[in-house]
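*Asks:* For the sequence shown, the residue numbers in numbering that gives the first Met the number 0 are 0 to 641.
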Amino acid sequence: MDRMKELVEKLNLYAYQYYVLDNPTVSDYDYDKLYDELVTLEKQTGVVLPDSPSQRVGGEILSNFKKYTHKIPLYSLDKCQNFEELKKWYEDVLKVVKDPIFTLSYKFDGLTIVCTYKDHYLVNASTRGNGRVGEDVTQQVKTIKSVPLKIDCGGEVIVRGEGMITLSNLEKYNKTSNEPLKNARNAVAGAIRNLDPKETAKRNLDYFCYDVMYSSEEKIKSQLEIQSFLKRNGFLTSDFFETTSNFDELCNYIKQVDEQRFKIDILTDGVVINVNDFAQRDEMGFTIKFPKWAVAYKFPAMEVTSILKDVVWQVGRTGKVTPIAILEPVELCGATVQRATLNNFDDIKRKQLQIGARVFIRRSNEVIPEILGVAEIFDSCAAIIPPSNCPCCGSILVKKNVQLYCENPDCKEQIIDRITHFVSRNAMDIEGLSEQTILLFHESFGLKYPYELYDLKVEQLLTLPGFKDRKSKKIIDSIQKSRRCNLTNFIYAIGILNVGAKTAKDLARHYRTLENFLKIGEEVESLRDIGEITKNQILEFMNDLKQKEILSKLLGKLIVEDYNEQEITKNEFTGKTIVLTGTLSFSRIEATKKLENMGAIITNSVSKNTDYVLAGENAGSKLDKAKSLGIKIISEQDIFKE
C-alpha cells in the first residue's frame, strides 16, 4: 500500500508538470513504466486509491445522467460588444465603489463545469444546466488529465471552469476519427455528455479553471486570491490574466486579445472583466440575471453565408407581425441554423434582400441569428413582398412606424401568446396551463382574454378530452388562487412590450399602489433604470382605449396588493442578510415578505456575508454550509414571535 501511495503521488506530480505546467520532467517511457506497476498492484490488492490516475481511463458505461442541484447557483454574465457599452458599465461601477481594480481573463468558448472537492478529493463534477440544476458528469470529468483528483486545500471546495479541447488536439482527433468533429465547442459538449467515459477520455480534453465559488477552509477576498488559490492547488488556469484600474488600459488589453485570439490554441469569444475586490462586489450586488460587478466583452460574432429560401411572417401577443428568414441549413457557432430574424420590412429593404439570394448570417450571444446583408444575387432571385393581411386570421394589417400590426383581437396567435404570457411564472404563475391547454380552451370555450380564465368552471373542463376530476380541479384552484396577486406580478402579466420582470418591479416600487400605476403619465420619464423606448411603450399601452377596457374587466376579477416596503421599526434583524431553507409552517413567499417588512435582506445562497439562516424542517445543503461557516441558525419562532 505504501508503494501504491508513492506511485500515485509521483504520477500525479508528473501529470501536473506535463498537462498544467507544460513542463514534462520524465519521458513517456518512464511514466508508462510506473503507471503499469501501479495498475498491477491495484489488480493484486483490489484497491484503487481515490486519486489514482488509473481512474482517468474511464469506467463502465452509464445508463443515464443524474440531475445535480448546485449548492451555489451559477449566474450568467451581462455582455457588451463595443467600447461605448463597456464605458457605461465602467462608469456604473465607479458610481458605487471607489478606486476599483479590474481583472481581465479569457471568456472561454467551451462547456461550463463545476467541480466539488471534499477533504482534498474530487467528489463531484456537474454541468451548468440552468444555473440551479445541472447533470452529474463526474466520471467523464475524471478522465480530463488537467483536473486534479486531489488538492491541497481541505474541507469543501467548489470551483468553476470550462471544459475545453485545444484546437491542436481537435486536429489530431479528426485525423484518425471515422466521424470528424465539426468544431471545438461541439467536441467538448459531445465528449462530456457521452455516457461512456472511455469515449470522453479519447478526446483528450482540458479544464481551465477561473473561479472558486466556495471554500470552507480558506476565506478568499478577491479575484487575485482566486487565481493564487487555483495555481497553488494544481488547477490549469488561463495564461492571460491582467489587472488594471484604467479604462484605456482595459480597452488596450481587449484589443490585444482580439488581435491574438485566432493564433492561440483554444476558442475564446471575448474577455471577462471583474471587479477584483469581493467587498466592492458586495456593494454592487446583482440584477435578477447578472452580477453588476462583472461583464463579458464579446468579440464580433462569427459570420457565414447561406441561401435565403423564403420569408414567413409571424404574429406575436401584441399583434406585431415579424418577418422570419428561412435558410438553407448552415453550420454556425456549433449549431445548424435554418432560421434568422429580419426585424421588419424596412430592414429587408435596407439590406436589399431577395428570395434565393446568398446572404451573410451572424449568430451573436446565443440568440436567433441575424441576416446582415446580401452576399450574392442571382437571376432567379425574387422580390420579398410584405403581407397586406394577417398570416393567421386574414385581417388587414396596419403599419405603425416601421412595424406591421394585426389589430384583430380575435386573432388566434395573439390570443394564445397573450394568455400564455399572463399565466407564466413571473406573471400570475398559474400552474397547469400550457400553450396547448390554452389553445384547447380557446377552441372549446372561445377563451380570448386573460380575465375570462376566472369564469371557467370545473364542469366545463371535465367535458374536454383527457381532463379528469383531479386535473380539472387543480387547474381551477390554481386560477382562483391567482386572484390575489402583488403589483409587480400584475404589471408584468398585462404584457406591456419590453417590460420584463425587473422593469415590472421597478415600476411597482416607484408607483407603490395599483391606483397610482393606473394614473401613469409623463413622470415615467424620470425613472432612471428604464430605457426611452420602453417608457414610450408603457405610455402607449396604458393610454390605449382598448387596453383600458381590458384592464378594467381584468381588475374586476383580481385583488392587486400594494407594493410592500412599509416603514420599518428597527429590530435585531434590520439590515441583516437571511437565507431561508427547509419547510416552514407558511409559504416561502409569506416568510420573505414578513422578513423584508422587518428590514431584513433575503438572499438565496449562504455565504460568509450571511448573518442568519432560517431553517425549517428537512433543511438541506444550505443548513450544512451555514454550520460549516459558523453562521447562526434560527427557527421561525425566533423571528415571528407573537
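Virtual Cβ for every residue (Gly too), placed ideally from N, Cα, C.
Note that the structure is a prediction, hence the values are computed from the model and not measured.
Which residue comes first and which comes last in the beta strand (DSSP E) that contains residue 361?
*Replies:* Taken as a continuous stretch (DSSP letters only), the beta strand (DSSP E) holding residue 361 covers 357-361.
*Asks:* If the criterion is Cβ atoms closer than 8 Å, does the pair residue 294 and residue 104 meet it?
*Replies:* Not a contact, by the Cβ cut-off of 8 Å.
*Asks:* Suppose contacts are defined by Cβ-Cβ distances below 8 Å. Is residue 578 in contact with residue 626 by that definition?
*Replies:* Contact flag unset, no.
*Asks:* Just curious, the alpha helix (DSSP H) that residue 196 is in, first and last residue?
*Replies:* 196-201 is the extent of the alpha helix (DSSP H) around residue 196.
*Asks:* Using a threshold of 8 Å, state whether the C-beta atoms of residue 605 and residue 593 are closer than that.
*Replies:* No, they are not a contact pair.
*Asks:* Output the distance between the C-alpha atoms of residue 642 and residue 10, rounded to the nearest integer angstrom.
*Replies:* It is not possible to answer for residue 642, since the shown part of the chain is limited to 0 through 641.
*Asks:* Would you mind stating whether residue 408 and residue 447 have Cβ atoms separated by less than 8 Å?
*Replies:* Contact: yes.
*Asks:* List the DSSP bridge partners of residue 319.
*Replies:* Note: residue 319 sits in a beta bridge opposite 404.
*Asks:* Taking the alpha-carbon positions, what's the residue 7 to residue 115 distance?
*Replies:* If you take the alpha carbons of residue 7 and residue 115, they lie about 21 Å apart.
*Asks:* Using the beta-carbon count (16 or more within 10 Å), is residue 254 buried or exposed?
*Replies:* Its Cβ having fewer than 16 others within 10 Å, residue 254 is exposed.
*Asks:* Is the distance from the Cβ of residue 110 to the Cβ of residue 187 below 8 Å?
*Replies:* Yes.
*Asks:* Compare the beta carbon distance of residue 585 and residue 638 with 8 Å and say whether it is the shorter of the two.
*Replies:* No.
*Asks:* Could you tell me whether the segment 410-429 touches the segment 505-524, using the rule of 3 or more Cβ pairs below 8 Å?
*Replies:* No, the segment 410-429 does not touch the segment 505-524.
*Asks:* Under 8 Å, with one C-beta from each stretch per pair, do the segment 149-156 and the segment 206-217 reach the 3-pair mark?
*Replies:* As far as the Cβ criterion goes, the segment 149-156 touches the segment 206-217, which means the pair count is three or higher.
*Asks:* Going by DSSP, what residues sit across from residue 82 in a beta bridge?
*Replies:* In the DSSP output, where bridge partners are listed per residue, residue 82 has none listed.
*Asks:* Quick one: what does DSSP say residue 627 is sitting in, helix, strand or coil?
*Replies:* Helix.
*Asks:* Considering just the uninterrupted stretch of the beta strand (DSSP E) at residue 388, what are its terminal residues?
*Replies:* Element bounds for residue 388: n/a, residue is neither H nor E.
*Asks:* Compare the beta carbon distance of residue 263 and residue 202 with 8 Å and say whether it is the shorter of the two.
*Replies:* No, these two residues do not count as a Cβ contact at 8 Å.
*Asks:* With a 10 Å radius around its C-beta and 16 neighbouring C-beta atoms as the bar for buried, classify residue 313 as buried or exposed.
*Replies:* Looking at its Cβ environment, which holds fewer than 16 other Cβ atoms inside 10 Å, residue 313 is exposed.
*Asks:* Tell me which residues share the same chain as residue 354 and place their Cβ nearer than 8 Å to its Cβ, disregarding the 5 neighbours each side in the sequence.
*Replies:* Within the same chain, residue 354 has close Cβ partners 307, 308, 309, 310, 380, 381, 382, 383.
*Asks:* For the putative contact between residue 461 and residue 443, defined by C-beta atoms under 8 Å, what is the C-beta separation to the nearest angstrom?
*Replies:* Not really, about 12 Å apart at Cβ, beyond 8 Å.
*Asks:* Output the distance between the C-alpha atoms of residue 646 and residue 69, rounded to the nearest integer angstrom.
*Replies:* Summary: the structure shown does not reach residue 646, with the chain confined to residues 0 through 641, and so no result is reported for it.
*Asks:* Assuming residue 67 contacts residue 134 under a Cβ cut-off of 8 Å, what Cβ separation, rounded to an integer in Å, is found between them?
*Replies:* 6 Å between Cβ atoms; contact.
*Asks:* Does the Cβ of residue 318 have 16 or more other Cβ atoms within 10 Å, making it buried, or fewer, making it exposed?
*Replies:* Result: buried.
*Asks:* Once DSSP output is grouped into helix, strand and coil, what is the label at residue 106?
*Replies:* In the structure shown, residue 106 sits in a strand (DSSP, three-state: E or B).
*Asks:* What's the C-alpha gap between residue 243 and residue 85?
*Replies:* Looking at the two C-alpha atoms, the distance is approximately 14 Å.
*Asks:* In three-state terms, what does DSSP make of residue 566?
*Replies:* Confidence in residue 566 is poor, its pLDDT being 48 and thus under 50, which makes the residue's placement too unreliable to answer from.
*Asks:* Hey, quick one: how far does the beta strand (DSSP E) through residue 534 stretch, first residue to last?
*Replies:* It is not in any beta strand (DSSP E) - residue 534 instead sits in the alpha helix (DSSP H) that spans 531-542.
*Asks:* Rounded to whole angstroms, what's the CA-CA distance from residue 537 to residue 459? Just pull it up for me.
*Replies:* If I take the Cα positions, the gap works out to 36 Å.
*Asks:* Tell me which residue opens and which closes the beta strand (DSSP E) that residue 252 is part of.
*Replies:* From DSSP, residue 252 is part of no beta strand (DSSP E) but of the alpha helix (DSSP H) over 246-259.
*Asks:* Give every residue of the same chain whose Cβ lies closer than 6 Å to the Cβ of residue 481, excluding the five residues on either side of it in the sequence, and list them in chain order.
*Replies:* Same-chain partners within the cutoff: 427, 429.
*Asks:* Bridge partners for residue 312 per DSSP, in chain order?
*Replies:* Answer is 322.
*Asks:* Hey, how far is the Cα of residue 437 from the Cα of residue 220?
*Replies:* One C-alpha to the other measures close to 50 Å.
*Asks:* Going by C-alpha distance, which of 499, 488, 290, 406 is nearest residue 76?
*Replies:* The candidate whose alpha carbon is nearest that of residue 76 is 290.
*Asks:* Roughly how many angstroms lie between the CA atoms of residue 672 and residue 608, to the nearest whole one?
*Replies:* Past the boundaries of the shown model lies residue 672; the chain is included only from 0 to 641, so the question cannot be answered.
*Asks:* The beta strand (DSSP E) spanning residue 207 covers which residue range?
*Replies:* 205-214 is the span of the beta strand (DSSP E), which, as asked, contains residue 207.
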